[in-house]
Amino acid sequence: MGEVVALSGRLGGGSSKLAPGYLHRLPLSGTNSNSVVHASLFSGVRLRKKPGPQFGSFRRKRSAKRLVTESLISKMADYEGKAVAPDVTSGSMIFEPIIEDGVFRFDCSANDRNAAYPSISFINSKDRDTPIMSHKIPSYIPNFQCLLGQQIVKLELPVGTSLYGTGEVSGQLERTGKRVFTWNTDAWGYGSGTTSLYQSHPWVLAVLPTGEALGILADTTRRCEIDLRKKSMIQFIAPSSYPVITFGPFPSPQAVLISLSHAIGYHQCRWSYDSDKKVQQITGTFREKGIPCDVVWMDIDYMDGFRCFTFDKERFPDPKSLVKGLNQNGFKAIWMLDPGIKQEDGYFVYDSGSKNDVWILKADGRPFVGEVWPGPCVFPDYTQAKVRSWWSNLVKDFTVNGVDGIWNDMNEPAVFKTLTKTMPESNIHKGDDELGGCQVHSHYHNGLSGQPLSGPDIGGFAGNATPRLFGRWMGIGSMFPFCRGHSEIDTIDHEPWSFGTECEEVCRLALNRRYRLIPHIYTLFYMAHKTGTPVASPTFFADPKDPSLRKLENSFLLGPLLVYSSTLPGQGMDSLQCTLPKGIWLSFDFDDSHPDLPALYLQGGTIIPVGPPHQHVGESNIFDDLTLVVALDEHGKAKGVLYEDDGDGYEFMKGGFLLTHYVAELQSSIVTVKVSKTEGSWKRPQRRLHVQLLLGGGAMVDTWGKDGEVLQILMPSEQEVVKLVSTSEKQYRSRLENAKAIPDVEVTSAHKGVELSRTPVELKGGDWFVKVVPWIGGRIISMMHLPSGTQWLHSRVEVNGYEEYSGTEYRSAGCTEEYNVTERNLEHAGEQECLLLEGDIGGGLVLQRQIYIAKNDPKVFRIDSSIIARKVGAGSGGFSRLVCLRVHPMFTLLHPTESYVSFTAIDGSKHEIWPESEEQFYEGNLLPNGEWMLIDKCLGLGLLNRFDVSQVYKCLIHWGTGTVNLELWSEERPVSKKSPLRVAHEYEVITIP
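Mapping of the sequence shown onto the UniProt record's numbering: position 561 corresponds to residue 561, and the numbering continues sequentially without gaps.
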């Protein structure tokens, strides 16, 4: 939820880069999955700024100065509040080299180039507009079409090209076959098929069959469709003209992307720690239990009535004293701010903003008012320099309260009580030629889009984690560049000790492992700052020419360190067969191997620096013992670097750092380790150096010495190596066998009486992957269509998803009771994957539900439900109370404005029901004639629901914020043993032309 800005950090300098915040519409655009910008760890996509050759045929002068003026922006909206595209002209496509050899700007025509809006994709927007001299020509040239107010750009690449990037999106690592829309919004509870999350990156990284890589940027802030559904083809579509920038092809993905210390410790967060006492309790428990942590985050509830820049006087009466105590205990404190400002006379922020005319305006010139946490809110227009200055002064005054950092939350366009949870497309943003904003956001794909400091909410933000889920997530999350646990309000506690002693121990091991690796991780951030190389990168970066690595998703690289984890529920590291890149990869650990932790491998030919474990980075000292882990390559050589500075401030920009290059070489059975080169003005500290030489199978030999001096290790004989490896492997297996694996059985929490680890039942067959929670209403919480990667249900474990009721009233009996699994036939060679559930709904009635996927019809997912009378009381005549079987699924609208329901009624009339209709009943001759379909035009898919019209009395469509209910109601009547109520229906995903 948002991003954090470090107030005592520093911004990286260096050559021209793509700004990490090339965002859609508002420069401040963030993520509910914990986006972070930390000034001392800032970087973007690398654009090496060096002069090109002073000759060549591609030299072009700017023909006009580009300014974004009110008159130009106002053409984007008309008085009716509809989005209107500026004119898109057609002409001869033009291109010119910019920035360096191999980087080209393409425009639809010279007129389009002259009319282009200023870039917010580059730190220096002039880099995009200033041609250079070069003798090179583009290797791949996009095709431009300018039709009907849209610019369509297609780039065809060689067969076998793999596509990545597209910024913050969910789903698979490789984006081939996907379509993404840069129309970011507050996407709570998103699934793998959600194509618009919290920020927008119209950027694609293409890895060619040769292993070379090409970057493609559509430099527009308009709603842009990135269509990668056709293999080896990239297509951008946006309702205005825009430049397209290509980078490369360069020799590798790293070459395309080459263009503060507490931030890389562990962060603990929750919505919300509701008082200063709770914050002190949580941070104290971390220290008491010896679990490393550096940062605690304060969510929105510290505020006075959700008013930004205020504190609740009862729950947070003295924030400065609170932070002082936290700092003394080794913690930094991050405080949330929202751009949604309460519309309330007398509230100093609202009064000041109104006086300075800082709000985003509607098409009629009045401030746009939307619903966010405080109620009616207005929103600063950060595209104006005066507004950014006004906001920065508020932040400056806010920091006197002892604020260590600020969490900019809800800064994706997020507005409650609207269909799309965003602002009208007609809103006016008054920009100037300083349009911009550099934010780093938290999402796995962001590393391939120029944002190195990223990571997910450990444990998951929405809903309750189970012990094994949380522990394994911590094992992987502790290796991500940004490492933070976060959870939403009304869920169980999600601290490492909240899931039992086994999970607590795994979390302790995982975080100790991270803190030992901080010297290596911090060095990777320095390299990202200097070159733009991602801190965490996909495994195929180790060998871009190997196509078998391009879809590998259960491992990733931290520089030369490969992190490999099991993603299967019943599989731990003790039974996992790893797929490694070609070459030498040597396993190692810190004597901390565990079935629920990932395995570590170091690439041959590399050296990584390692430090001692600490409870927070403030405990570390430059005089601490330093360990070098060495893996020799096939030539008996290795090299690595260590970057050190004071962890804060700007002295590094003046040379205040130490960058050490270490080398190792095997000659005549002696491995020599020494410093080959140093950079920076710092003197080498007097400290001990521990060298660990990996031999394979976790075995090693080591030696101690003094850092800066030459160290030598005698390489064991071949027979000795075999013995050492054998002994090490036995010790490794013993550690795994003796480790207490995290249970995933039914456990009751001591907190709030909530059940922690009941595991959903999974059905996977044909086109469907379905999850069912029998213990809360037998609800279906996941309907994943595997071929499209689309998650159709909007659900949490406790509410929503697919529910069934026994009455016409909302949430009547049937949706919360505990159901028993009476039959279970999963993953067997029978005719179908089947689950039969029964729940007691009182009065002698049970609600029975059969969920199945037939082997002979794998595209269809079926549900057959009945209300059955098992025992009806005396005097009832054998009949029950009045009941109605009400099927209540809640589906996610991945693209709300492009989704509708279509059906043909019994009377033959055709209907298209759009979200504006809110709620509609259909019965009698207007009842759908056995089927209706939820259609997503952007996905080109429809969810078809078939049913027996003799069993369904009425249908209900109810549109919500980003959701829709498609309900089937039986008739309402008493039931007996001989006359149950039944609704049998099925779902199938259909491709829409």
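Where is the CB? At the ideal position from N, CA and C, for every residue including glycine.
Taking all protein chains shown into account, do 16 or more other C-beta atoms lie within 10 angstroms of the C-beta of Gln384, making it buried, or fewer, making it exposed? Position 384 of the sequence shown, counted from the start, is the residue given in the question as residue 384. Classification of Gln384: buried, given that the 10 Å Cβ count is 16 or more.
Would you check if the segment 329-336 and the segment 369-377 touch, i.e. whether three or more CB-CB distances between them fall below 8 Å? no
Find the nearest neighbour of His486 within the set Ser354, Lys324, Asp299, judged by alpha-carbon distance. Within the sequence shown, the letter at position 486 stands for residue 486. Closest by alpha carbon: Asp299.
Out of Val725, Thr466, Asn512, Ser587, which has the shortest C-alpha to C-alpha gap to Ile492? Translated into positions along the sequence shown, residue 492 becomes position 492. Cα-wise, what sits closest to Ile492 is Thr466.
Reduced DSSP secondary structure (H/G/I, E/B, other) of Leu836: If you number the sequence shown from 1, residue 836 lands on position 836. Residue state, collapsed to three classes: strand.
Counting pairs of beta carbons, one from the segment 982-991 and one from the segment 876-896, are three or more of them closer than 8 Å? yes
Under the three-state reduction of DSSP, which class applies to His529: helix, strand or coil? For the purposes of this step, residue 529 is identified with residue 529 of the sequence shown, where counting begins at 1. If DSSP states are grouped into helix, strand and coil, His529 belongs with the helices.
The segment 322-330 contacting the segment 357-364, beta-carbon criterion three pairs below 8 Å: no
Contained beta strand (DSSP E) runs [length at least 3] in the segment 703-781, N- to C-terminal order: 711-714, 761-765, 768-773
Rounded to a whole number of angstroms, what is the C-alpha to C-alpha distance between Thr176 and Gln145? Residue 176 sits at position 176 when you count from the first residue of the sequence shown. Residue 145 sits at position 145 when you count from the first residue of the sequence shown. Rounded to whole angstroms, Thr176 to Gln145 spans 22 Å at the Cα level.
Under the three-state DSSP convention, the category Ile521 falls into: Numbered from its first residue, the sequence shown carries residue 521 at position 521. Ile521: helix per DSSP, three-state reduction.
Need the endpoints of the beta strand (DSSP E) that Met93 sits in, please. As a position in the sequence shown, residue 93 is number 93, starting the count at 1. No beta strand (DSSP E) holds Met93; DSSP gives it neither H nor E.
Given Arg270, which residues of its chain have a CB within under 7 Å of its CB, disregarding the five upstream and five downstream residues? Translated into positions along the sequence shown, residue 270 becomes position 270. If we look at Arg270 and ignore the five residues flanking it on each side, its Cβ neighbours are Asp299, His486, Ser487, His494.
Assuming residue 1075 and Gly211 are in contact, meaning their beta carbons sit under 8 Å apart, how far apart are those beta carbons, in whole angstroms? Residue numbering for the chain in the displayed model covers 1 to 993; residue 1075 lies beyond these limits and cannot be assessed.
Could you pull the DSSP bridge partners for Gly346 from this structure? What you label residue 346 is simply residue 346 of the sequence shown in a count that begins at 1. None, per the DSSP bridge assignment.
Assigned exposure category for Asn738 - 16 Cβ within 10 Å defines buried: As a position in the sequence shown, residue 738 is number 738, starting the count at 1. Burial call: exposed.
Reduced DSSP category for Leu694 - H, G, I as helix; E, B as strand; rest coil: Position 694 of the sequence shown, counting from 1, holds the residue named residue 694. Strand.
So Leu763 and Glu833 are in contact, right, with Cβ under 8 Å, and what is the actual spacing, rounded? Residue numbering aside, residue 763 sits at position 763 when the sequence shown is read from its first letter. Residue numbering aside, residue 833 sits at position 833 when the sequence shown is read from its first letter. About 5 Å; that satisfies the 8 Å criterion.
On the premise that Gly708 lies in contact with Val675, defined as a C-beta separation below 8 Å, what is that separation, rounded to the nearest angstrom? Looking up residue 675 in the sequence shown gives position 675. Looking up residue 708 in the sequence shown gives position 708. Rounded, the Cβ-Cβ distance is 6 Å, consistent with contact.
Under a Cβ-count criterion, where at least 16 other Cβ atoms within 10 Å of its own Cβ denotes burial, should Arg388 be classed as buried or exposed? Counting from one through the sequence shown, the residue named residue 388 turns up at place 388. Buried, because 16 or more other Cβ atoms sit within 10 Å of the Cβ of Arg388.
Please classify Lys320 as buried or exposed, where buried requires at least 16 neighbouring CB atoms within 10 angstroms. One-based indexing of the sequence shown puts residue 320 at position 320. With fewer than 16 Cβ atoms within 10 Å of its Cβ, Lys320 is classed as exposed.
With C-beta atoms as the reference, is Gly814 less than 8 Å away from Ile781? To locate residue 814, count along the sequence shown from 1; it is residue 814. To locate residue 781, count along the sequence shown from 1; it is residue 781. Not a contact, by the Cβ cut-off of 8 Å.
Provide the residue span of the beta strand (DSSP E) that contains Trp297, from first to last. One-based indexing of the sequence shown puts residue 297 at position 297. First-last of the beta strand (DSSP E) with Trp297: 295-298.
Are the CB atoms of Val975 and Ile863 within a distance shorter than 8 Å? Counting from one through the sequence shown, the residue named residue 863 turns up at place 863. Counting from one through the sequence shown, the residue named residue 975 turns up at place 975. No.
Host alpha helix (DSSP H) of Ser392 (start-end): The residue given as residue 392 occupies position 392 in the sequence shown. That run of the alpha helix (DSSP H) goes 385-398.
Distance, Cα to Cα, Thr285 vs Asp596? For the purposes of this step, residue 285 is identified with residue 285 of the sequence shown, where counting begins at 1. For the purposes of this step, residue 596 is identified with residue 596 of the sequence shown, where counting begins at 1. Taking the straight line from one Cα to the other gives about 23 Å.
Contact under 8 Å by Cβ, Phe104 with Met93: Position 104 of the sequence shown, counted from the first residue, corresponds to residue 104. Position 93 of the sequence shown, counted from the first residue, corresponds to residue 93. Their beta carbons are not under 8 Å apart, which means Phe104 does not touch Met93 by this criterion.
Does the segment 224-236 come into contact with the segment 246-253, if we say contact requires no fewer than three beta-carbon pairs (one atom in each stretch) closer than 8 Å? no
Could you give the DSSP three-state label for Met474: helix, strand or coil? Locating residue 474 in the sequence shown gives position 474, counting from the first residue. Helix.
Who are the Cβ neighbours of Thr660 in its own chain at under 7 Å, not counting the five residues just before and after it? Start at 1 with the first residue of the sequence shown, and residue 660 comes out as number 660. Cβ neighbours of Thr660 beyond the five flanking positions: Val641, Leu642, Val675, Thr678.
Specify the secondary structure class of Gly248 as computed by DSSP and reduced to three states. Translated into positions along the sequence shown, residue 248 becomes position 248. Reduced to three states, the DSSP call for Gly248 is strand.
Hey, quick one: how far does the alpha helix (DSSP H) through Ser321 stretch, first residue to last? Translated into positions along the sequence shown, residue 321 becomes position 321. Per DSSP, Ser321 belongs to the alpha helix (DSSP H) from 319-328.
Strand pairing of Leu927, partner residues [DSSP]: Position 927 of the sequence shown, counting from 1, holds the residue named residue 927. BP columns for Leu927 are empty, so no partner.
What does DSSP give as the partner residues of Leu944 in its beta bridges? By 1-based counting over the sequence shown, the position of residue 944 is 944. For Leu944, which the question treats as bridged, DSSP gives the partners Met933, Glu988.
The beta strand (DSSP E) spanning Val860 covers which residue range? Within the sequence shown, the letter at position 860 stands for residue 860. First-last of the beta strand (DSSP E) with Val860: 860-869.
Which same chain residues, not among the five before or five after Arg513, have their C-beta less than 7 Å away from its C-beta? In the sequence shown, the residue the question calls residue 513 occupies position 513. For Arg513, where only same-chain residues beyond five positions count, the Cβ hits under 7 Å are Ser478, Phe590, Asp592.
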